[in-house]
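A.B. asks: In our numbering, the protein residues as written are 14 to 447. Glycine included, each C-beta is placed from N, C-alpha and C at the ideal position. All values reported here derive from a predicted model rather than from experimental measurement. Mind having a look at this structure? Questions to follow.
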């Protein structure tokens, strides 16, 4: 039986930070605050109208992490903001030390925790490549052998001898990633940095990370909020929540768990959605027109069959009069992947300080199994056809599609729409149907 080779292991790792200990800015102010607390008096440096400073409270950024990652594995790490993902990567890169526990690394680590990690702004791109290679323990000859590949991949050849302080953030990422990907390191650690580069470079980076894991046998740890990237790159996935690992395993199962924890509660029995004070409403629109209620018609639940039309009644409240109000319906998956859009539904004239109801029908063709979100946008147009949003509901509500289980649908590779059945006819040698 083949035994997997361990690349890194965390056992009982904890990281504790102290919260609320705010400095006064000067030694005198700090001594005043300490003396006031020692006498049980009010802190003279606390701003009027604010609470007393917190003293001695701690925050467990990581609270008992056990994880084993194997050589040649691409591991995704997902979780909501504050779950502890970046803290764990900083421990692995030895930026900071754990409060408790043990971390074993079997190989050299190349990391990108933020744009330009480890770069010296006064040095040129070429000099920074040599410096990063030296940190990893490589000789100048070894770096020379890889320099051309690094420059070619980074797409910054004409600026390679320019100080990197003059690089844009995108150029920083391109060179930093190229260095991390091509220098001799057994473990690559990436923390959402690829979001800065352009789309073509992001795609090239993902392909490169997949190649270094599967072909070169290097280990990749990747933190991202982009679920499509996690799907494309990773063999396994970790879900973190409140400083703990709550799941390790299949990528699709991990994404489903993450989305169920981060999205608002959904009930399949709900058919009426009160949107008067919803948190889904964008605060960046004027709000002169708002969708305050959605009701699913002819339904006892928000479960639909594949291909079933969605009929709904909308209630729109307008604070001022509009000559023509328009509605846009945007259908997305739970991880916000766009599926389709109904771009312009004409609602007509709206009077000032009125509530008007509309029945809207959406035909989503044949969606595959899964939960979806429907976003709604109210907008008006000027005489030149330019649109101005008045209402953004992101989302208005969720619904679920259940299709016949005559085939196991692979959404990651096949998509979210199932096309109608097609027919094929044999042809003669002349190319005519028989």
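With distances taken between CB atoms, is the gap from residue 163 to residue 192 smaller than 8 Å?
C.D. replies: Here residue 163 corresponds to residue number 150 of the chain shown, with the count starting at 1. Here residue 192 corresponds to residue number 179 of the chain shown, with the count starting at 1. Going by C-beta atoms, residue 163 is nearer than 8 Å to residue 192.
A.B. asks: Pick from 395, 402, 414: whose alpha carbon is nearest that of residue 385?
C.D. replies: Locating residue 385 in the chain shown gives position 372, where the first residue counts as 1. Of the listed residues, the one whose Cα sits closest to residue 385 is 414.
A.B. asks: Are the segment 153-162 and the segment 222-238 touching by the rule of at least three beta carbon pairs closer than 8 Å?
C.D. replies: Not touching, per the Cβ criterion.
A.B. asks: Which class does residue 353 belong to by DSSP, given the choice of helix, strand or coil?
C.D. replies: As a first step, residue 353 must be located in the chain shown, where it is residue number 340. Looking at residue 353 - three-state DSSP - the assignment turns out to be strand.
A.B. asks: I'd like the list of long-range same chain contacts for residue 401, defined as Cβ closer than 8 Å, with 5 residues on each side in sequence excluded.
C.D. replies: Sequence index remark: in the chain shown, residue 401 carries index 388 (1-based). Contacts found: 392, 393, 394, 395.
A.B. asks: Go ahead and label residue 430 buried or exposed: buried means 16 or more other beta carbons lie within 10 angstroms of its beta carbon, across all protein chains shown.
C.D. replies: Here the question's residue 430 lines up with position 417 in the chain shown. Exposed: under 16 other Cβ atoms inside 10 Å.
A.B. asks: Where do the ends of the alpha helix (DSSP H) carrying residue 244 lie?
C.D. replies: In the chain shown, residue 244 corresponds to position 231, counting from 1. 240-246 is the extent of the alpha helix (DSSP H) around residue 244.
A.B. asks: What did DSSP end up calling residue 124 once you bin it into helix, strand or coil?
C.D. replies: In the chain shown, the residue the question calls residue 124 occupies position 111. Here residue 124 sits in strand by DSSP.
A.B. asks: I need the straight-line Cα distance from residue 21 to residue 247, nearest angstrom please.
C.D. replies: Taking the first residue of the chain shown as position 1, residue 21 is located at position 8. Taking the first residue of the chain shown as position 1, residue 247 is located at position 234. When rounded, the distance between both Cα atoms is 17 Å.
A.B. asks: I'd like to confirm the pairing. Which residues does DSSP put opposite residue 134 in its beta bridges?
C.D. replies: In the chain shown, the residue the question calls residue 134 occupies position 121. DSSP, once it has assigned bridges, lists no residue as partnering residue 134.
A.B. asks: Using only the alpha-carbon positions, how far apart do residue 249 and residue 315 sit?
C.D. replies: Here residue 249 refers to the residue found at position 236 when the chain shown is read from its first residue. Here residue 315 refers to the residue found at position 302 when the chain shown is read from its first residue. Using only the alpha carbons, I get a separation of about 32 Å.
A.B. asks: Between the Cα of residue 318 and the Cα atoms of 100, 416, 145, 185, which residue gives the shortest distance?
C.D. replies: Here residue 318 is taken as the residue at index 305 of the chain shown, counted from 1. Of the candidates 100, 416, 145, 185, the one whose C-alpha sits nearest the C-alpha of residue 318 is 416.
A.B. asks: How close, in whole Å, do the beta carbons of residue 253 and residue 90 come, if the pair is a contact with beta carbons under 8 Å?
C.D. replies: In the chain shown, counting from the first residue as 1, residue 253 sits at position 240. In the chain shown, counting from the first residue as 1, residue 90 sits at position 77. So it is a contact: roughly 7 Å between Cβ atoms.
A.B. asks: For residue 424, I'd like the list of residues in its chain whose CB is within less than 7 Å of its CB, leaving aside the five on either flank, ordered along the chain.
C.D. replies: Taking the first residue of the chain shown as 1, we reach residue 424 at position 411. These residues qualify, in order along the chain: 381, 383.
A.B. asks: Shorter than 7 Å, the distance from the beta carbon of residue 395 to the closest heavy atom of the ligand FAD, or not?
C.D. replies: The ligand FAD is absent from the structure shown, which contains no ligands of any kind.
A.B. asks: Could you tell me the alpha carbon to alpha carbon distance between residue 79 and residue 270, rounded to whole angstroms?
C.D. replies: Locating residue 79 in the chain shown gives position 66, counting from the first residue. Locating residue 270 in the chain shown gives position 257, counting from the first residue. Using only the alpha carbons, I get a separation of about 19 Å.
A.B. asks: Residue 404: buried (16+ other C-beta within 10 angstroms of its C-beta) or exposed?
C.D. replies: Position 391 of the chain shown holds residue 404. It is buried - the Cβ of residue 404 has at least 16 other Cβ atoms within 10 Å.
A.B. asks: Going by the beta-carbon positions, is the gap between residue 174 and residue 138 smaller than 8 Å?
C.D. replies: For the purposes of this step, residue 174 is taken as residue 161 along the chain shown, with counting starting at 1. For the purposes of this step, residue 138 is taken as residue 125 along the chain shown, with counting starting at 1. The answer is yes: Cβ separation under 8 Å.
A.B. asks: Would you call the segment 361-374 and the segment 320-330 touching, i.e. three or more CB-CB distances under 8 Å?
C.D. replies: A contact exists between the segment 361-374 and the segment 320-330.
A.B. asks: Looking at the unbroken alpha helix (DSSP H) that takes in residue 184, where does it start and where does it end?
C.D. replies: Within the chain shown, numbered from 1, the residue matching residue 184 stands at position 171. Run containing residue 184: 182-195, per the alpha helix (DSSP H) assignment.
A.B. asks: Going by DSSP, which residues form a beta bridge with residue 400?
C.D. replies: On the chain shown, position 387 is the one that residue 400 refers to. In the DSSP output, where bridge partners are listed per residue, residue 400 has 394.
A.B. asks: In angstroms with no decimal places, state the Cα-to-Cα distance between residue 444 and residue 437.
C.D. replies: The count along the chain shown starts at 1 and reaches residue 444 at position 431. The count along the chain shown starts at 1 and reaches residue 437 at position 424. Computed Cα separation, rounded: 13 Å.
A.B. asks: To the nearest angstrom, how far is it from the Cα of residue 84 to the Cα of residue 340?
C.D. replies: On the chain shown, residue 84 is found 71 positions in, with the first residue counted as 1. On the chain shown, residue 340 is found 327 positions in, with the first residue counted as 1. Looking at the two C-alpha atoms, the distance is approximately 51 Å.
A.B. asks: Skipping 5 residues on each side, what residues in its chain have a beta carbon closer than 6 Å to that of residue 514?
C.D. replies: Outside the displayed span of the chain (14 to 447) sits residue 514, for which this structure offers no information.
A.B. asks: For residue 63, which residues in the same chain have their Cβ closer than 7 Å to its Cβ, ignoring the five residues on either side in sequence?
C.D. replies: As a first step, residue 63 must be located in the chain shown, where it is residue number 50. Unreliable positioning characterises residue 63 in this predicted model, as indicated by a pLDDT of 46, which lies under 50. The coordinate reading is nonetheless provided below. There are no such residues.
A.B. asks: Considering just the uninterrupted stretch of the alpha helix (DSSP H) at residue 224, what are its terminal residues?
C.D. replies: Taking the chain shown and counting its residues from 1, the one referred to as residue 224 is at position 211. That run of the alpha helix (DSSP H) goes 212-227.
A.B. asks: From the DSSP output, read off the bridge partner residues of residue 467.
C.D. replies: Given a span of 14 to 447 for the chain in the structure shown, any question on residue 467 remains unanswerable.
A.B. asks: Starting from the Cα of residue 273, find the closest Cα among 88, 93, 221, 53 and give me that residue.
C.D. replies: As a working note, residue 273 is residue 260 in the chain shown. Answer by Cα proximity: 93.
A.B. asks: In whole angstroms, what is the alpha-carbon distance linking residue 255 and residue 336?
C.D. replies: On the chain shown, residue 255 is found 242 positions in, with the first residue counted as 1. On the chain shown, residue 336 is found 323 positions in, with the first residue counted as 1. Cα to Cα, residue 255 sits roughly 50 Å from residue 336.
A.B. asks: DSSP state of residue 271, grouped into three classes?
C.D. replies: Sequence index remark: in the chain shown, residue 271 carries index 258 (1-based). Helix.
A.B. asks: What are the partner residues of residue 318, as DSSP defines its beta bridges?
C.D. replies: For the purposes of this step, residue 318 is identified with residue 305 of the chain shown, where counting begins at 1. Beta-bridge pairing links residue 318 to 415.
A.B. asks: Report, in whole angstroms, the separation of the C-beta atoms of residue 87 and residue 297, which I expect to be a contact under 8 Å.
C.D. replies: Working through the chain shown from its first residue, we reach residue 87 at position 74. Working through the chain shown from its first residue, we reach residue 297 at position 284. Not a contact, Cβ separation roughly 37 Å.
A.B. asks: Going by alpha carbons, who is nearest to residue 23 out of 103, 356, 378, 52?
C.D. replies: The residue you call residue 23 lines up with position 10 of the chain shown. Nearest of 103, 356, 378, 52 to residue 23, Cα basis: 103.
A.B. asks: Considering only residues of the same chain and omitting the five flanking positions on each side of residue 143, which have a CB-CB separation below 8 Å?
C.D. replies: Residue 143 sits at position 130 when you count from the first residue of the chain shown. Cβ within range, chain order: 153, 156.
A.B. asks: Taking 8 Å as the limit between beta carbons, can you name the residues of its chain near residue 25, skipping five residues before and five after?
C.D. replies: The residue labelled residue 25 in the question sits at position 12 within the chain shown. Only 77, 78, 79, 113, 114, 115 meet the Cβ criterion.
A.B. asks: For the alpha helix (DSSP H) containing residue 328, name the first residue and the last one.
C.D. replies: For the purposes of this step, residue 328 is taken as the residue at position 315 of the chain shown. Unbroken run through residue 328 is the beta strand (DSSP E), 323-331; no alpha helix (DSSP H).
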